[in-house]
Amino acid sequence: MAPRAPMTTQTEPFLRARVRDAVAAALASAIESGALPAPEGELPRVEIEHPANPGHGDFASNIALKLARPLRRSPLVIARAVAGALPTGEAALIRSADVAPPGFLNLRLTDHALAAEIRRALEAPDAWGHVPPVNPRHVNVEFVSANPTGPLTIGNARGAFVGDLLSRVLEAGGQRVTREYYFNDAGGQITNLGASVVALVRGEPIPDDGYHGAYVHELADVLPDDLRVAASGAAPDALEPLADRVGRWAAARVRDGIEASLARLGVRFDVWKSEASLHEEGWVERAVERLRERGHVYVEDGATWFRSTAFGDDKDRVVYRSDGRPTYFAADIGYVAEKFSRGFDHLIYIWGADHHGTVARVRNAAEAMGFRKEHVQVLLYSWVRFVRDGVEVSMSKRAGEFVTLDELLAEVGVDAARWFFASRAHTSAIDFDIELAKKQSNENPVYYVQYAHARIASIVRRAAESSLAPDADVSSILSGAPEAALAREIVRFPEVVEDAVLAEETQGVTAYATELATQFHAFYRDARVIDASDPARSARRLGLARAAQVTLANALALLGISAPESM
RNA sequence: GCGCCCGUAGCUCAGUGGAUAGAGCGUCAGGUUGCGGACCUGAAGGCCGUGAGUUCGAGUCUCGCCGGGCGCGCCA
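Given below as structure tokens:
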């Protein structure tokens, strides 16, 4: 079935990576057309991919190799039969289908099909690259969740980037996302922070187990008068409750600073949830009661335990200590129930790999409460080893030895930092050499991609000066090699987005953006856009350049990176 | 000891079971009488930690081993 030039409007719902889908569908119907004998058992799924070697066409399929066994025929025979049953030609989607040993099917698209996609990018730029929600969900993504005992450090950075990038990818896939930050502003560490501030106000040394960073002094300097007076004059036996009060004040202030740091990073949260509120609103108590009703709780050694082993964990877990106080895990359980009560279909936690030991118990507790385990997903990111001049930067928030997120951003820039994390799998442990990053920030691939965008913007501006408007129908220039190569790269974009959504990863997007920029630079070198001697061709090349610009901008936007008009 | 993650070019890292394993940086050699040289062209550089297995086909899947990281609390 030949695709017609789509009647695209801004309001039309997003379509899938339609070229790839259409090619797969054409293959499937060719297989089922009767050209082949009936298979024994189920047909293998039709798989297509872009071959590494462009000489092998736009798409390649291994379907004949997969069918060889169930059909008991040679792969080459099957491939020839499928190729013969495939509608091909200049008016169709597929121009040619070739068979290559040991049984690959190499497919080439028509210019007509490519041009139709370029037109879509130009006529609905905002929709270009979005994929339709196959299974629309309302997803809660909880990340960072560092307690407000000090500024965010570069140690917190990866979680912030990973969580935000994942959220953006899910949104690109048509899902509703709530970004959530969970924090404890009432625990022992908060009192500890308060005690450190109080000590400074009183001119006493900060306790050894207190907080020693420079920000503690800044907090002491801006302590409100009422708390300052209370701190200076407090009797020794009144210091504990005072430290608690001052701690709460300090935590609120630190939290504001964290929010501001995250905003500089381009990350905004929809919900800030305090652990204390879960207890105050009875979520923890009710969740444990719910487990008890279902028979998953018992008392031993004076403590209350959740029978996590019944769900595959390697040991049971305490929810109420023998002194009756709830554990941190108990709050986690209450939080799961609280999140689902807000109507989320799916919960995602972004945790550092050092938390992997807690994954099983939280998911088990969710299941034990009657929620679906697969709706509670934990994404663990590996640790970043921060290095300065080859030496690992050791960090301790309490000792005051750390590099803040703000300092990192000041040194390497938000766009470069985002690119760095977006281009690496969250599961791989990575080294981040700060000095190297600074030195190489000008050589960062992110600028290469941004430069391509700015270069096109410049061409578009010049074209406008000479009243040259882009032509959305580029089919007639695709016989040119530079144009065809660029068009093929652009048309791949929806597939890249779809793959990113399915894999919940962004490395493919950064790799693609780099390749697209490379293709554009090659096109720029070999095919002059603005050429007074051939206005019609100029308009079409301008259309192609515009489509590349739209695609670069959308790819960067997916990563939260700016697409500058000039640099 | 048990569990999870990782091991790919000098460095930092990509690589949905497919055809000749890639990118950036670094190194070396080149390129501009026209739209932005933050660009382009080329070269060198790999027993994909290791040994078996599955498969028509393994960097990718399975198992063992070696090396590295993390976790195994009535801590948070």
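This note's numbering puts the first sequence at residues 34 to 600. All residues carry an ideal CB built from backbone N, CA and C; glycine is no exception. Predicted model, so just to flag it, every value in this text is computed and none were measured.
Same chain, Cβ closer than 8 Å to residue i, neighbours up to 5 away in sequence not counted
i, result
"P134", "L109"
"I381", "V172, N173, V174, E175, L199, Q410, V411, L412"
Residue i versus residue j - alpha carbon distance
i, j, result
"F216", "T182", "10 Å"
"V279", "G290", "17 Å"
"D559", "F553", "10 Å"
"I111", "A59", "16 Å"
"I594", "L185", "21 Å"
"R51", "V524", "10 Å"
"H329", "A219", "29 Å"
"A228", "E314", "28 Å"
"L256", "V300", "28 Å"
"I463", "E273", "42 Å"
"D258", "D241", "26 Å"
"T391", "M402", "17 Å"
"Q43", "V56", "Residue placement at Q43 is flagged as unreliable, the pLDDT there being 25, under the threshold of 50; the coordinate-derived value follows with that caveat. Taking the straight line from one Cα to the other gives about 25 Å."
"G433", "G243", "10 Å"
"E522", "K306", "43 Å"
"N477", "F453", "9 Å"
"N189", "E498", "48 Å"
"G207", "G446", "29 Å"
"R37", "G345", "In this predicted model, R37 has a pLDDT of only 28, less than 50, meaning its place in the structure is not dependable enough to derive any value."
"F465", "E425", "9 Å"
Assumed close pair residue i, residue j - CB separation to whole angstroms, cut-off 8 Å
i, j, result
"L591", "V482", "About 12 Å separates the two Cβ atoms, so there is no contact after all."
"Q410", "H459", "So it is not a contact: roughly 13 Å between Cβ atoms."
"I467", "F419", "6 Å"
"A232", "P238", "6 Å"
"Y557", "R494", "Contact flag wrong, Cβ pair sits at about 15 Å."
"H89", "N139", "5 Å"
"V479", "D448", "5 Å"
"A363", "Y353", "7 Å"
"R579", "P503", "5 Å"
"V530", "A205", "6 Å"
"G385", "W416", "7 Å"
"E371", "L324", "The pair is not a contact, with the Cβ atoms about 15 Å apart (cut-off 8 Å)."
"D303", "E213", "7 Å"
Local Cβ density within 10 Å of residue i, reported as buried at 16 or more and exposed below that
i, result
"V262", "exposed"
"L490", "The sequence given here has Ala at residue 490, not Leu. Answer is buried; the Cβ neighbour count reaches 16."
"Y331", "exposed"
"A581", "buried"
"F47", "Annotation note: pLDDT 34 at F47 (below 50); position unreliable, no value reported."
"R394", "buried"
"S461", "exposed"
"S500", "exposed"
"S571", "buried"
"G357", "exposed"
"S599", "exposed"
"G162", "buried"
"N587", "buried"
"N86", "exposed"
"E45", "The predicted position of E45 is uncertain, since its pLDDT is 28 and thus under 50; no value can be drawn from it."
"N180", "buried"
Close Cβ partners of residue i (< 6 Å) along its chain, the five nearest in sequence each way excluded
i, result
"T41", "Bear in mind that the predicted position of T41 carries a pLDDT of just 26, short of 50, making it too unreliable to give a figure here."
"V195", "I383, Y414, H459"
"T342", "D349"
"V507", "A148, I151, R573, G576, L577"
"G192", "F176, V177, I383"
"L203", "V172, V210"
"I366", "A320, A398"
"A118", "A63, S66, A68"
"K605", "Residue 605 cannot be examined here, being either before or after the span of the chain that is shown, 34 to 600."
"V369", "A399"
"D131", "N139"
"R457", "I463"
Residues of its chain near residue i, where Cβ-Cβ distance is below 7 Å and the 5 sequence neighbours each way are ignored
i, result
"S509", "R573"
"L442", "R297, L298, A450"
"R53", "I81, E528"
"A97", "P108, I111, A112, V115, G136, L138"
"V234", "A253, L256, R261, A264, S265"
"E517", "With the sequence shown as reference, residue 517 is identified as Ala, and Glu is not the correct amino acid for it. Answer for A517: L511, listed in chain order."
"T224", "A276, D277, G280"
Assess, as a yes-or-no matter, whether the stretch 309 to 322 is touched by the stretch 254 to 269 under the definition of 3 or more beta carbon pairs within less than 8 Å.
-> no
How do the stretch 544 to 553 and the stretch 112 to 128 stand: do at least 3 beta-carbon pairs fall below 8 Å, yes or no?
-> no
Segment contact flag, the stretch 528 to 537 with the stretch 98 to 105, C-beta cutoff 8 Å, min 3 pairs | no
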